[in-house]
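Residue numbers (my numbering): 2 to 331.
Have a look at the structure below, then the notes.
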Ligand code: PBG
């Protein structure tokens, strides 16, 4: 496109008034763009998470109230993460397969109380293992792909049976999306969606999350043997292609802001619903900047969320979701 030069073209002209800025906006952010992650406490108390100021683990008795708040603010979907009691964690993470585990009880509680909100559940073994890895490990601490895949299939089925609407494998094992899809179909869960954490990076931004699900002290080594190298973009496209071919309904890029280039690349290449996860370390950066007097929370939250939309995301998982939705509604 050729465009005229100054002064025929004055790009500031439409920026002068609020009504005009609204009219010229290329993207919109609404509460319907948000997924709110919630941590489930294994006791009866609300447990604030020190490294995630403003975020708590919620006891089952209070989880329906959180779901109602989210629905009332226009948020369409919640993402659930259980803090499994330490005495229910094992090398093989078998608690993930218990139909009455904390995750499944939380799903049922929400679906009973607020049936019209979507529930997304994480499929990975880290909240259930004594070593903090997302899968089964061998004697050298290597995470075994194919045996893990079988357990993940069982975990996804248990969640679907409890009423999960979207199972979201965050483990980065190869082949798990196809195996889960096949099992869901065979099990009669044809309408349960899969949101694949397709491009999930081995990131330094997950620290506070690991406090929230109590894996930080347990994790042996790192996750670089299965999560992606932050240096890679081409590989993210191969991951997305693989997960789509195996039946993912949507794909996710994670973390969020440092990987907006990946969101954009995926959107342009595949034209499929792509979600981004503004992860715990990103949330903490904003909150700590606010606490230090260096930032305006409301403006920063809305700007970062809009940045995801601009990059092409269909939606964003964010710990600021409820706050942001309420700001938009105000
Ligand atoms: C683990 C999982 C992680 C997150 C979501 N699912 C952490 C990890 O891979 O160690 C991180 C989310 C966040 O940091 O907010 N399966």
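Even glycine gets a Cβ: it sits at the ideal position worked out from N, Cα and C.
Remember, it's a predicted structure, so these values are computed and weren't measured experimentally.
| Asked | Found |
| --- | --- |
| Within 9 angstroms, strictly: CB atoms of residue 332 and residue 315 | Given a span of 2 to 331 for the chain in the structure shown, any question on residue 332 remains unanswerable. |
| Residue 169 versus residue 278 - alpha carbon distance | 12 angstroms |
| Residue closest to residue 272, alpha-carbon to alpha-carbon, out of 149, 245 and 284 | 245 |
| Cβ-based burial, residue 283 [other Cβ within 10 Å; buried from 16] | buried |
| DSSP state of residue 170 mapped onto helix, strand, coil | strand |
| Terminal residues of the alpha helix (DSSP H) in which residue 330 lies | 322-330 |
| Contacts around residue 26, its chain only, beta-carbon distance under 8 angstroms, and the 5 residues preceding and following it disregarded | none |
| Per-residue DSSP class, three states only, for residue 7 | coil |
| DSSP state of residue 307 mapped onto helix, strand, coil | helix |
| Backbone secondary structure at residue 181 - three-state DSSP | helix |
| Proximity below 9 angstroms, CB of residue 207 to CB of residue 229 | no |
| Beta-carbon gap between residue 69 and residue 120 smaller than 9 angstroms | no |
| Nearest-angstrom Cβ-Cβ length linking residue 156 and residue 124, presumed shorter than 8 angstroms | 5 angstroms |
| Three or more C-beta pairs below 8 angstroms linking the stretch 228-242 and the stretch 315-326 | no |
| For residue 91: DSSP bridge partner residues | 130 |
| Any 3 or more C-beta pairs closer than 8 angstroms across the stretch 38-55 and the stretch 81-91 | yes |
| Separation of residue 71 from residue 61, as counted between CA atoms | 16 angstroms |
| Cα-Cα separation between residue 23 and residue 205, rounded to whole angstroms | 37 angstroms |
| Helix, strand or coil at residue 1 [DSSP, three-state] | Past the edges of the chain, shown from 2 to 331, lies residue 1, and the structure says nothing about it. |
| Cβ-heavy atom distance, residue 216 to ligand 1, below 8 angstroms | yes |
| Residue closest to residue 285, alpha-carbon to alpha-carbon, out of 307, 212, 247 and 234 | 212 |
| Residue burial classification, residue 141 (beta-carbon count within 10 angstroms, cutoff 16) | exposed |
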